[in-house]
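*Asks:* My structure is below; once you've seen it, I'll send some questions.
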Amino acid sequence: MAISFTEPDYNNFNRKVMHYQEVLENTKAYRTVWHKSLKKDIISLLQKSAELAKLACTIEERSEIRNLEAVALSLGSVKSGLGEPVGDGLHRDLIKQNGSLVYQQLFNGKILVLINYPYIEKYGQPQPPKTIAIYRPEELKEPYFIRHLETFITEIINWEDYDDDRPDENQRIGFKMNFEQEAVKPQVEV
Numbered sequence: 032m033a034i035s036f037t038e039p040d041y042n043n044f045n046r047k048v049m050h051y052q053e054v055l056e057n058t059k060a061y062r063t064v065w066h067k068s069l070k071k072d073i074i075s076l077l078q079k080s081a082e083l084a085k086l087a088c089t090i091e092e093r094s095e096i097r098n099l100e101a102v103a104l105s106l107g108s109v110k111s112g113l114g115e116p117v118g119d120g121l122h123r124d125l126i127k128q129n130g131s132l133v134y135q136q137l138f139n140g141k142i143l144v145l146i147n148y149p150y151i152e153k154y155g156q157p158q159p160p161k162t163i164a165i166y167r168p169e170e171l172k173e174p175y176f177i178r179h180l181e182t183f184i185t186e187i188i189n190w191e192d193y194d195d196d197r198p199d200e201n202q203r204i205g206f207k208m209n210f211e212q213e214a215v216k217p218q219v220e221v
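All residue numbers for the sequence shown refer to my numbering, where the first residue is 32 and numbers rise by one.
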C-alpha cells in the first residue's frame with residue numbers, strides 16, 4: 032500500500048522541523064549570552080542589591096557541569112541552636128542552612144530561578160525548592176531581580192517565623208470562606 036503525503040502535510044512537517052532547528056539555535060545563543068554577559072550581570076545585580084539592603088550573604092558560582100552553571104545568593108549556614116547528644120553530657124550542634132536564591136542554567140540555555148528553603152540537618156526533611164520562573168536570557172531585566180529577591184526574603188521570613196496558628200492561605204477550609212465574604216442579606220418572602 033502506497034502512502035502519499037499531500038502538500039499541506041509536508042508543509043506542516045517542514046514548519047515543525049524549522050521550528051526544531053530554531054530551538055536548537057536558541058539553545059546555543061542562550062548559552063553564549065550566559066558566558067559572555069548574563070552570569071556577570073546576575074552576580075553584579077545580586078551583589079548591588081545585597082549591599083543596598085545590608086543583607087549578609089555570599090554570591091556563589093557553581094560550575095561543576097558546563098552549560099548547567101548557576102549563580103546563587105546564599106544566606107550561609109550557622110549553628111541552629113539545637114544539639115544532639117553524643118555521650119558523656121556532650122552535644123553536637125545541628126547545622127542550619129539558611130536558604131538561597133538560585134539562577135540555574137537549564138539544558139536548553141534558559142534560566143531557572145528558584146528558592147532553596149532553609150533546613151536544619153536531622154530535623155525533618157528539607158522542603159523542596161520553590162520555582163519562581165524560567166526565563167530566556169533576554170527576559171531577565173533588573174526589576175525581575177528585585178521581585179525575585181523580595182519573594183525570596185518573604186519565603187525565608189515565613190519559614191523562620193513559622194507559626195501553626197496562622198492559616199496557610201492555600202489551606203483554607205471551604206466553609207470558612209463564607210465568613211470572609213460580605214454578609215448576604217436574607218430574602219424575606221412576602
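Every residue gets a Cβ at the ideal spot worked out from N, C-alpha and C, and that includes glycine.
By Cβ distance, which residues of its chain are closer than 7 Å to S94, with the 5 residues on each side in sequence left out?
*Replies:* So the list reads E100, once near-sequence residues are dropped.
*Asks:* State the Cα-Cα distance for the pair K207 and Y193, rounded to the nearest angstrom.
*Replies:* Reliability of the predicted coordinates at K207 is poor, the pLDDT of 40 falling under 50, and no value is obtained from them.
*Asks:* Assess, as a yes-or-no matter, whether the region 44–62 is touched by the region 150–157 under the definition of 3 or more beta carbon pairs within less than 8 Å.
*Replies:* No: fewer than three Cβ pairs fall under 8 Å.
*Asks:* Go through the region 63–95 residue by residue and report every complete run of the beta strand (DSSP E) that reaches 3 residues or more, in order.
*Replies:* 89–93
*Asks:* Look up T162 in the DSSP assignment and give the residues it is bridged to.
*Replies:* DSSP lists L145 as partners of T162.
*Asks:* Under a three-way DSSP split, which group does D124 fall into?
*Replies:* strand
*Asks:* Could you say which of S35, Y61, L83, H66 lies nearest to L180 if we only look at CA atoms?
*Replies:* Comparing Cα positions, the closest option is L83.
*Asks:* Only counting the same chain, and skipping five residues up and downstream in sequence, which positions put a Cβ closer than 6 Å to that of D124?
*Replies:* K110, G114
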